[in-house]
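The block underneath contains the structure these notes are about, expressed in structure tokens.
In structure tokens, the structure reads:
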């Protein structure tokens with residue numbers, strides 16, 4: 005999948021955040037991140053109900069190359085995890101912005117996502133890093 009969806013916000017650690025109409029947010033890893041990781045073989049997600057502080061590692065994605073932490077671009081309470089990833093972690097590779105989402109959170113502060121990069125800023129960061 006090419007392109008950086010304009011309706012999402014992005015972190016410097018290559019996570020994306022989608023704000024939902026009900027005030028919740030969905031978090032996943034970007035297409036750039038999944039390409040860098042390679043073929044994913046395992047995903048460890050937090051428990052529903054768990055509070056995740058902003059900036060903390062909340063998930064682990066393991067590829068044939070290495071295991072990598074996924075950091076919370078914003079803090080909040082886990083409302084749901086993507087159960088499909090337990091049997092099909094490769095969904096992150098094939099559909100990072102749709103089927104490969106990681107968690108749904110109730111953000112600790114409603115405006116937290118506004119602090120993250122928009123698609124243009126994320127694209128510029130990738131270009132400046134030579135990605």
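Numbering (the working numbering), first residue to last: 5 to 135.
Backbone N, C-alpha and C fix where the C-beta goes; we use that ideal spot for every residue, glycine too.
Values in this document were obtained by computation on a predicted structure and should not be read as measured data.
Helix, strand or coil for residue 91 per DSSP? Residue state, collapsed to three classes: helix.
Rounded to a whole number of angstroms, what is the C-alpha to C-alpha distance between residue 82 and residue 113? So the two alpha carbons sit approximately 14 Å from each other.
Rounding to the nearest angstrom, what Cα-Cα distance links residue 40 and residue 32 in this structure? Taking the straight line joining both Cα atoms gives about 15 Å.
Starting from the Cα of residue 96, find the closest Cα among 59, 45 and 25 and give me that residue. Distances from the CA of residue 96 to each of 59, 45 and 25 were compared; the closest alpha carbon is that of 45.
Since residue 14 and residue 101 are thought to touch, with beta carbons under 8 Å apart, how far apart are those beta carbons, to the nearest angstrom? In this structure, residue 14 and residue 101 do not form a Cβ contact; the two beta carbons are roughly 11 Å apart against a cut-off of 8 Å.
To the nearest angstrom, how far is it from the Cα of residue 128 to the Cα of residue 89? One C-alpha to the other measures close to 30 Å.
Going by beta carbon distance, what residues of the same chain come within less than 6 Å of residue 5, once the five residues before and after it are set aside? Any reading at residue 5 needs caution, since the residue's pLDDT is 39, under 50, leaving its predicted position unreliable; the model's value is listed next. Contacts found: 35.
Close-in-space but distant-in-sequence residues of the same chain around residue 130 (CB under 7 Å, 5 per side omitted): When the five nearest sequence neighbours on each side are left out, the beta carbons in the same chain lying within less than 7 Å of the beta carbon of residue 130 are those of 36, in order along the chain.
Report buried or exposed for residue 80, applying the criterion of at least 16 other Cβ atoms within 10 angstroms of its Cβ. Buried, because 16 or more other Cβ atoms sit within 10 Å of the Cβ of residue 80.
Taking only three categories from DSSP, how would you classify residue 54? Residue state, collapsed to three classes: coil.
Which stretch, first to last residue, makes up the beta strand (DSSP E) that contains residue 103? Looking at the DSSP string, residue 103 is not in any beta strand (DSSP E), and its letter there is neither H nor E.
Quick check on the DSSP output: what are the complete beta strand (DSSP E) runs of length 3 or more inside the stretch 33-86, in order along the chain? The stretch 33-86 contains, as complete beta strand (DSSP E) runs of 3+ residues, the segments 44-48, 61-67, 71-75 and 80-85 (chain order).
Alpha helix (DSSP H) segment containing residue 132, residue limits: That run of the alpha helix (DSSP H) goes 123-132.
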